[in-house]
Amino acid sequence: MAKSGYLSKRITFITGNQHKVKEAQGIFSHFQIEVEHVDLGYPEIQGDLDEVARYGALYASKRLEKPVIVEDAGLFIRELGWFPGTYSSYVQGTLKNKGILKLMEDVQDRYAEFRSVIGFATPKTEPEIFLGVVEGQIAHEERGEYGFAYDPIFIPNGYDKTFGELKREIKNRFSHRRRSLEKFALWFEDYRGD
Ligand code: IMP
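Under the numbering used here, read the sequence shown as residues 2 to 195, first letter to last.
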């Protein structure tokens, strides 16, 4: 149950991705946090997920003059030296899932994880970072119509289906984004502003 604070429990989520907005709305409804969605582009600096999220959150909160969250995510495959990692978006648009499966041909160790980092910033404070991870395996072929991007080639641990075969409600129960958003929401419940 959300506690009442001095700050209204409304947060501005900066993203151009409707999938992420829907996931956030579903998760935040349990915490009585209202999501305002703003599609404001922000510079994606070269760096790890933390750095990208910190920079993006600070940039957007200064531009909009209010507290915001941004999210940066990626697929990290151990046997490929954690590729595509922070290049996930670019690689999804170029190699695509077929290219990843080709790179993984004959590879025994198929361990991979999705990571999601939420960056929270206000115009006056240092950004806060919240990490969520879901572990799994790279499938041998694309399966399923749900979700987006790498979902059809990622089998979360404990399942024999890919994220592409699992309905959004199921994926949302334990996805990397669920975990990072939930960490943020728990922290935000007690946040009193600066
Ligand atoms: P973004 O820059 O944070 O939007 O995420 C980078 C890329 O990671 C996205 O463009 C997708 O290709 C991939 N990605 C992130 N989250 C997911 C997910 O939940 N399912 C599938 N692919 C994802």
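Using N, Cα and C, we set each Cβ at its ideal position, and we do this for glycine too. Remember, it's a predicted structure, so these values are computed and weren't measured experimentally.
Asked: Look at Leu76 and Ser89 and say whether their C-beta atoms are less than 8 Å apart.; Found: yes
Asked: Using the Cα positions of Ile154 and Ser181, report the straight-line distance between them to the nearest angstrom.; Found: 22 Å
Asked: Measure the Cβ-Cβ separation of Phe121 and Ala58 and say whether it is below 8 Å.; Found: yes
Asked: On a Cα-Cα basis, can you pick out the residue from Val36, Ser30, Val118 and Gly100 that is closest to Ile12?; Found: Val36
Asked: Excluding the 5 residues preceding and the 5 following Leu81 in the sequence, name in chain order all residues of the same chain whose CB lies nearer than 7 Å to its CB.; Found: Leu104
Asked: Residue ranges of each beta strand (DSSP E) run of no fewer than 3 residues wholly in the region 29 to 88, ordered along the chain?; Found: 35 to 39 and 69 to 78
Asked: Taking Phe175 as the reference, which of Tyr160, Val135, Pro85 and Pro124 has the closest Cα?; Found: Val135
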